[in-house]
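Enquirer: When we follow this note's numbering, the leftmost residue of the sequence shown carries the number 2, and every step to the right adds one.
Supplied in structure tokens, the structure appears directly below.
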Amino acid sequence: MATVKAWLIGLGIFLYFAVATALLPSRILTGPLSSADRVVQDLVTVVVWGFFLVLGLWSLRMSQKRGWM
2 MATVKAWLIG LGIFLYFAVA TALLPSRILT GPLSSADRVV QDLVTVVVWG FFLVLGLWSL
62 RMSQKRGWM
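So, in structure tokens, the structure goes:
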């Protein structure tokens with residue numbers, strides 16, 4: 002049972018980082034910001050990517066401190 006839990010946690014972490022740091026910024030670039038200036042596209046994408054990266058790393062650290070992982 003511990004092995005299944007570890008695999009599910011690992012899969013969840015992978016999916017979060019794949020969606021939040023790859024798919025979401027890509028969708029933002031090709032969707033609402035497609036007609037914006039290139040500098041605006043770059044700034045918004047970097048801010049979104051950085052926010053979700055830091056949020057994911059912070060969440061990992063907090064879950065380690067609480068013993069969930």
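Don't be surprised by glycine CBs; every beta carbon is placed ideally from N, CA and C.
Computed from a prediction, not measured in an experiment: that's the story for all the values here.
Comparing C-alpha positions only, which one of 36, 58 and 66 sits nearest to residue 21?
Expert: The count along the sequence shown starts at 1 and reaches residue 21 at position 20. If we check each option's Cα against that of residue 21, 58 comes out closest.
Enquirer: Roughly how far, in whole angstroms, is the beta-carbon of residue 46 from the beta-carbon of residue 30, given that I think they are within contact range, below 8 Å?
Expert: Position 45 of the sequence shown, counting from 1, holds the residue named residue 46. Position 29 of the sequence shown, counting from 1, holds the residue named residue 30. Contact flag correct, Cβ pair sits at about 6 Å.
Enquirer: By a C-beta neighbour count over all protein chains shown, 10 Å radius and 16 as the cutoff for buried, is residue 33 buried or exposed?
Expert: What you label residue 33 is simply residue 32 of the sequence shown in a count that begins at 1. Flag for residue 33 reads exposed.
Enquirer: What separation, rounded to the nearest whole angstrom, lies between the Cα atoms of residue 25 and residue 68?
Expert: What you label residue 25 is simply residue 24 of the sequence shown in a count that begins at 1. What you label residue 68 is simply residue 67 of the sequence shown in a count that begins at 1. About 29 Å.
Enquirer: What is the residue span of the alpha helix (DSSP H) that residue 22 lies within?
Expert: Within the sequence shown, residue 22 is the residue found at index 21, counting from 1. Looking at the DSSP string, residue 22 is not in any alpha helix (DSSP H), and its letter there is neither H nor E.
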